[in-house]
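Student:
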Amino acid sequence: MAMLAPDHPVVLKAWDRLHSLGAISDDAGRLTRSFLSPASRRAAEQILAWMEETGLSTAHDALGNLRGRHEGRGSRPPLLIGSHYDTVVDAGKFDGPLGIISGMAAIELLASQGRSPEESVDILAFADEEGVRFHATYLGSRACIGELDEALLGTRDARGITVAEAIAHEGWHEGASEIVYPPGSASAYLELHIEQGRVLENASLALGVVPSICGQVRGRIELRGQAEHAGTTPMPLRRDALAGAAECVLAIEGIAKLHDPLVATVGKLDVWPGAGNSVPGECHFTLDVRHPSDGQLEDALKAIERACREIAGSRRLEIVFEILQRGAAVQADDAWVATLAAAVAEVTGSPAPRIPSGAGHDAVVMSAVAPMAMIFLRCRAGLSHHPDESITREDLALGIETLAKVIDRWCNSPYNHS
Ligand SMILES: [Zn+2]
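This note's numbering applies: residue 42 is where the sequence shown begins, and numbers increase by one.
What follows is the structure, encoded as structure tokens:
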């Protein structure tokens, strides 16, 4: 059971750091830190200062990715623990920074117990995960695996500035070094992140482990009927695109409900002509479908497409069913998931639930170069990307203790289990 009290100095310090980082913002009165912004730079300097206080040797690259390295005496490739420090607009304090600050705290805790890690551990703080500025996610971690290709570097922000230009003119070049992990150069990548959902809270559990990060498909559906007079067109003669869309939305919801843990969402609907006295002639709507298994995601997508086409057919509507974006599911490393789950169970005294992540994380990118696994920490009401995002100091203590246990165990296991 947990040994680390929520008022232990290491926990109090981590708690304070999370709150002071949460006050570093580009906007007055709300938290917003986007890629290469002035607040982003101030936050980076602050995190580096804390890494130094923790006894880590620090480095940053031109994008503002940060590394604090605990140099171990051992010969294994470093264990990576990280997350991101950029935020969405009007964000909460914990999405991202939790993983960075608690990683540092775990090293500090071990050092204070005379168990400073034998092997090297790198604490990573990525400069861009949310993709607010360029609508291209994971710029930070992608740079750290050497994956910033021409297409990505040519992506433009709202002012027409490309990623390459932003790095060249706004980047942090003074004292910069490369932070790149080729495949096999790290023992594993671990990330502690708020759950951003309500599974843990509903189960009254503080921590869970992530067996996989869901694959995602984004699509767009267009239904075309006939716009005409709402007063003079009898019901049997109508080709109402919005009524068809409504039936599609319910069919999509029904398919998702039958295939747990599938989630499917229609989040935006545009109606033409959009007048109160016209039968809707056209309706376009978005589709977002996620599942931890790519195969089952494809099956569900086929079922959704079939249902929408049938509904369109029965209502004499034309249909365009378009897939705009596909992201494959990523599986966490089984051995590391088991290690994390055992540590969670020991620290919390409860079994660790397996929660597939419906949201993307830096771990998706880092899984290309090292075995990956994640821990989720309960957040109040599942709320995130919102200023009311909240965790407790008690849960933070459990998270730090779990990370410390995992690092300690990895250093002292006779094998490198990746
Ligand atoms: Zn995040």
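Ideal Cβ positions, reconstructed from N, Cα and C, are used throughout, including at glycine.
So for Glu206, helix, strand or coil by DSSP?
Tutor: Counting from one through the sequence shown, the residue named residue 206 turns up at place 165. Glu206: helix per DSSP, three-state reduction.
Student: Over what stretch of residues does the beta strand (DSSP E) that includes Ile416 continue unbroken?
Tutor: Position 375 of the sequence shown holds residue 416. Counting along the chain, the beta strand (DSSP E) containing Ile416 begins and ends at Met413 to Leu418.
Student: Report the option in Gly96, Pro47 and Thr443 whose CA atom is closest to the CA atom of Ile248.
Tutor: Residue numbering aside, residue 248 sits at position 207 when the sequence shown is read from its first letter. Sequence check: residue 248 is Leu here, not Ile. Measuring from the Cα of Leu248, the nearest candidate turns out to be Thr443.
Student: I want to check one thing, is the minimum distance from the CB of Glu170 to the heavy atoms of ligand 1 below 7 Å?
Tutor: Numbered from 1 along the sequence shown, position 129 holds the residue referred to as residue 170. Yes, the beta carbon of Glu170 sits closer than 7 Å to at least one heavy atom of ligand 1.
Student: Ligand 1 and Asp136: does the residue's C-beta get closer than 7 Å to at least one heavy atom of that ligand?
Tutor: As a working note, residue 136 is residue 95 in the sequence shown. Yes, the beta carbon of Asp136 sits closer than 7 Å to at least one heavy atom of ligand 1.
Student: Out of Ser319, Val307, Gly368 and Glu363, state which residue places its alpha-carbon closest to the alpha-carbon of Gly336.
Tutor: In the sequence shown, the residue the question calls residue 336 occupies position 295. Among Ser319, Val307, Gly368 and Glu363, the Cα nearest to that of Gly336 is on Gly368.
Student: Determine the direct distance from the alpha carbon of Glu160 to that of Arg117, and round the result to whole angstroms.
Tutor: By 1-based counting over the sequence shown, the position of residue 117 is 76. By 1-based counting over the sequence shown, the position of residue 160 is 119. For Arg117 and Glu160, the distance between alpha carbons rounds to 6 Å.
Student: Closest to Glu387 by C-alpha separation, out of Met413, Val330, Val447 and Leu342, would be which residue?
Tutor: Start at 1 with the first residue of the sequence shown, and residue 387 comes out as number 346. For Glu387, the nearest C-alpha among the options comes from Val447.
Student: For Asn243, does the count of other Cβ atoms within 10 angstroms reach 16, so buried, or fall short, so exposed?
Tutor: Residue 243 sits at position 202 when you count from the first residue of the sequence shown. In this structure Asn243 is exposed. Its beta-carbon is surrounded by fewer than 16 other beta-carbon atoms within 10 angstroms.
Student: Below 7 Å, is the gap between the Cβ of His300 and the nearest heavy atom of ligand 1?
Tutor: As a working mapping, residue 300 is identified with position 259 in the sequence shown. The answer is no for His300.
Student: Name the two residues that bound the continuous alpha helix (DSSP H) containing Ser143.
Tutor: Against the sequence shown, residue 143 aligns to sequence position 102. Start and end: Pro138 to Ser153.
Student: Tell me which residue opens and which closes the beta strand (DSSP E) that Val312 is part of.
Tutor: In the sequence shown, counting from the first residue as 1, residue 312 sits at position 271. Here the beta strand (DSSP E) through Val312 covers Leu310 to Trp313.
Student: Alpha carbon to alpha carbon, how far is Lys309 from Met415? Give it in angstroms, no decimals.
Tutor: Counted from its first residue, the sequence shown places residue 415 at position 374. Counted from its first residue, the sequence shown places residue 309 at position 268. Met415 and Lys309: Cα-Cα distance of roughly 31 Å.
Student: Just to confirm my understanding: we take Ala305, look at its own chain, exclude 5 residues before and 5 after, and list those with CB closer than 6 Å. What are they?
Tutor: Sequence index remark: in the sequence shown, residue 305 carries index 264 (1-based). Contacts found: Ile293, Ala297 and Val330.
Student: When the Cβ atoms of the stretch 284 to 291 are set against those of the stretch 370 to 390, are three or more pairs found closer than 8 Å?
Tutor: no
Student: Thinking C-alpha only, which one of Phe76, Ser157, Leu77 and Val173 is nearest Arg35?
Tutor: A query on residue 35 cannot be resolved here, the shown segment of the chain reaching from 42 to 459 and no further.
Student: What residues in its chain sit with their C-beta under 6 Å from that of Ala393, if we drop five residues either side in the sequence?
Tutor: The residue given as residue 393 occupies position 352 in the sequence shown. These residues qualify, in order along the chain: Gly249, Val250, Ala382, Val385 and Ala386.
Student: Could you please give me the residues that DSSP links to Thr274 through a beta bridge?
Tutor: Looking up residue 274 in the sequence shown gives position 233. DSSP lists no partner for Thr274.
Student: Would you mind stating whether Ser228 and Gln372 have Cβ atoms separated by less than 8 Å?
Tutor: On the sequence shown, residue 228 is found 187 positions in, with the first residue counted as 1. On the sequence shown, residue 372 is found 331 positions in, with the first residue counted as 1. It is not a contact, given that the beta carbons lie outside the stated cut-off.
Student: Can you look up Glu288 in the DSSP assignment and give me helix, strand or coil?
Tutor: As a first step, residue 288 is located in the sequence shown; it is residue number 247 there, counting from the start. It is helical.
Student: For Thr196, collect the residues of the same chain with a Cβ closer than 6 Å to its Cβ; drop the 5 residues on either side in sequence, then sort them by chain order.
Tutor: Taking the first residue of the sequence shown as position 1, residue 196 is located at position 155. Correct list, in chain order: Phe175, Ala177 and Val204.
Student: DSSP puts Thr306 in a beta bridge; with which residues?
Tutor: Start at 1 with the first residue of the sequence shown, and residue 306 comes out as number 265. DSSP output for Thr306 lists Asp329 as bridge partner(s).
Student: Does Ile441 pass the burial test, meaning 16 or more other C-beta atoms within 10 Å, or should it be called exposed?
Tutor: Counting from one through the sequence shown, the residue named residue 441 turns up at place 400. So Ile441 ends up on the buried side.
Student: Report the option in Arg450, Gly401 and Arg434 whose CA atom is closest to the CA atom of Gly137.
Tutor: Here residue 137 refers to the residue found at position 96 when the sequence shown is read from its first residue. Checked all of Arg450, Gly401 and Arg434; the closest Cα to Gly137 is Gly401.
Student: Buried or exposed: which applies to Lys134, given that a residue is buried once 16 or more other Cβ atoms fall within 10 Å of its Cβ?
Tutor: Start at 1 with the first residue of the sequence shown, and residue 134 comes out as number 93. Burial call: buried.
Student: Can you name, in chain order, every residue of its own chain whose Cβ lies under 6 Å from the Cβ of Leu194, other than the five neighbours on each side?
Tutor: Here residue 194 refers to the residue found at position 153 of the sequence shown. Within the same chain, Val204 and Ala205 come within 6 Å of Leu194 by CB-CB distance, once the 5 residues on both sides are set aside.
Student: So, Asn318 versus Gly266, is the Cβ gap smaller than 8 Å?
Tutor: As a position in the sequence shown, residue 318 is number 277, starting the count at 1. As a position in the sequence shown, residue 266 is number 225, starting the count at 1. With a cutoff of 8 Å on beta-carbon distance, Asn318 and Gly266 are scored as not near each other.
Student: By the 10 Å Cβ neighbour count, where 16 or more other Cβ atoms means buried, how is Ser398 classified, buried or exposed?
Tutor: Locating residue 398 in the sequence shown gives position 357, where the first residue counts as 1. So Ser398 ends up on the buried side.
Student: Between which two residues does the beta strand (DSSP E) holding Asp102 run?
Tutor: Residue mapping note: residue 102 aligns to position 61 of the sequence shown, counting from 1. No beta strand (DSSP E) contains Asp102, which DSSP labels as neither H nor E.
Student: Helix, strand or coil: which one does DSSP assign to Glu363?
Tutor: In the sequence shown, the residue the question calls residue 363 occupies position 322. Residue state, collapsed to three classes: strand.
Student: Relative to the C-alpha of Met92, which residue among Ser391, Thr73 and Ile122 is closest?
Tutor: As a first step, residue 92 must be located in the sequence shown, where it is residue number 51. Measuring from the Cα of Met92, the nearest candidate turns out to be Ile122.
Student: Hey, how far is the Cα of Asp48 from the Cα of Asp67?
Tutor: Residue numbering aside, residue 48 sits at position 7 when the sequence shown is read from its first letter. Residue numbering aside, residue 67 sits at position 26 when the sequence shown is read from its first letter. Distance between the alpha carbons of Asp48 and Asp67 is about 31 Å.
Student: According to the neighbour-count rule (16 or more other Cβ atoms, all chains shown, within 10 Å of its Cβ), is Leu439 buried or exposed?
Tutor: Here residue 439 refers to the residue found at position 398 of the sequence shown. Classification for Leu439: buried.
Student: Might you give, ordered along the chain, the residues of its own chain that have their beta carbon closer than 7 Å to the beta carbon of Asp436, omitting 5 neighbours on each side?
Tutor: Numbered from its first residue, the sequence shown carries residue 436 at position 395. Ala247, Leu418 and Arg419.
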